[in-house]
Amino acid sequence: MKKINGRHPLYDERRFKLLKQADDVIIRGVRETVTLISVRHPLVRLVSAFRNKLLNGRPFEKVGGYLRVALQVLQLPADRNYISFSEFLVYVIRTRSQPDRHWNTYRELCSPCYFNYNYVALLETYTEDMQYLAQEFEIPIDPEARRNAKSEPGEDESAAFRYYRNVSLSIRRQIFDIFKDDMEMFGYKLPDDFWISGDDGEVS
Numbered sequence: 000m001k002k003i004n005g006r007h008p009l010y011d012e013r014r015f016k017l018l019k020q021a022d023d024v025i026i027r028g029v030r031e032t033v034t035l036i037s038v039r040h041p042l043v044r045l046v047s048a049f050r051n052k053l054l055n056g057r058p059f060e061k062v063g064g065y066l067r068v069a070l071q072v073l074q075l076p077a078d079r080n081y082i083s084f085s086e087f088l089v090y091v092i093r094t095r096s097q098p099d100r101h102w103n104t105y106r107e108l109c110s111p112c113y114f115n116y117n118y119v120a121l122l123e124t125y126t127e128d129m130q131y132l133a134q135e136f137e138i139p140i141d142p143e144a145r146r147n148a149k150s151e152p153g154e155d156e157s158a159a160f161r162y163y164r165n166v167s168l169s170i171r172r173q174i175f176d177i178f179k180d181d182m183e184m185f186g187y188k189l190p191d192d193f194w195i196s197g198d199d200g201e202v203s
């Protein structure tokens, strides 16, 4: 609610105070609180991470940060200034035991099997969900607030899934295996043509 009203929830003083407590105190506190989890389609989330952290495959002015780590994991030349979406997915696969929080699974990141969340907000219906919660808890909310400031105008799932067209079936299968539990938990599906090869029409 703070974020949608233009303030950042990570810097809430109450959050700092809570996280200084012992683990059992934190867990008890969370379980005694109304809880909300905000999710989006896991494979669309990967596309968003690629756009944001790897500049959508565009060349970096300077090799560093996410690109430098990805090049090391992929064993690509250290002076290369970009990676493709397929290479990014291989990077995600190879680091699945220690994933980055920006694309870690909801199962690992938010423990939905451990905490009984009272509300689930979907990014796909985020504005409507936040309006509902604002009314539910009588919290003022900016009616002009947008669901995600980093989203591109007109962005939707079909646009994101076009990124997977030139990804091999082998890579797609491995990515699906990583995120299938998240998809099942929150009712997300794959497009009908997801398993059709972009090269020869092979269907898995």
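The opening residue of the sequence shown carries number 0 in numbering that gives the first Met the number 0; numbering runs sequentially from there. Don't be surprised by glycine CBs; every beta carbon is placed ideally from N, CA and C. Bear in mind the structure is a predicted one, so any value in this text is a computation, not a measurement.
For Ile36, the first and last residue of its enclosing beta strand (DSSP E): Leu35 to Val38 is the extent of the beta strand (DSSP E) around Ile36.
Secondary structure, beta strand (DSSP E): runs of 3+ residues fully inside the stretch 95 to 144: Counting only runs of 3 or more residues that sit fully inside the stretch 95 to 144, the beta strand (DSSP E) segments are 118 to 121, in chain order.
Residue nearest to Tyr105 in terms of C-alpha spacing, selected from Leu45, Asp22, Pro58 and Asp11: Selected option, being the one with the closest Cα: Leu45.
Environment of Phe136 [buried if 16+ CB atoms lie within 10 Å]: With fewer than 16 Cβ atoms within 10 Å of its Cβ, Phe136 is classed as exposed.
C-alpha distance - Arg164 paired with Ser196, whole-angstrom precision: Distance between the alpha carbons of Arg164 and Ser196 is about 7 angstroms.
Nearest-angstrom beta carbon gap, Phe160 and Val29 [assumed within contact, 8 angstroms]: Between Val29 and Phe160, the beta carbon gap of about 34 angstroms keeps them out of contact (Cβ cut-off 8 angstroms).
Stretch-stretch touch, CB-based, cutoff 8 angstroms, three pairs: the stretch 91 to 109 with the stretch 174 to 191: With three or more CB-CB distances shorter than 8 angstroms, the stretch 91 to 109 counts as touching the stretch 174 to 191.
Endpoints, the alpha helix (DSSP H) within which Pro190 is located: Here Pro190 belongs to no alpha helix (DSSP H), and DSSP marks it neither H nor E.
Boundaries (first-last residue) of the alpha helix (DSSP H) holding Ile92: For Ile92, the uninterrupted alpha helix (DSSP H) segment begins and ends at Phe84 to Arg93.
C-beta atoms of Leu88 and Ile174 nearer than 9 angstroms: Yes, the Cβ-Cβ distance between Leu88 and Ile174 is below 9 angstroms.
Three-state secondary structure assigned by DSSP to Leu53: In the structure shown, Leu53 sits in coil (DSSP, three-state: anything other than H, G, I, E or B).
Cα-Cα separation between Glu123 and Ser157, rounded to whole angstroms: So the alpha carbons of these two residues sit roughly 12 angstroms apart.
Beta carbon of Ile36 nearer than 9 angstroms to that of Cys109: Yes, the pair counts as a contact, with Cβ atoms nearer than the cut-off.
Simplified DSSP state of Asp176, which is helix, strand or coil: For Asp176, the secondary structure class from DSSP, reduced to helix, strand or coil, is helix.
For Asp78, the nearest candidate out of Val62, Glu86, Ile170 and Ile92 (CA to CA): Cα-wise, what sits closest to Asp78 is Val62.
Proximal residues to Glu86 (C-beta, below 7 angstroms), its chain only, five neighbours per side dropped: Leu73, listed in sequence order.
Proximity to Val33 [Cα-Cα], best of Leu132, Lys19 and Arg39: Shortest Cα-Cα distance from Val33 to any of Leu132, Lys19 and Arg39 involves Leu132.
Beta-carbon proximity check, Leu121 vs Phe193, cutoff 9 angstroms: For the 9 angstroms CB-CB criterion, Leu121 and Phe193 do not form a contact.
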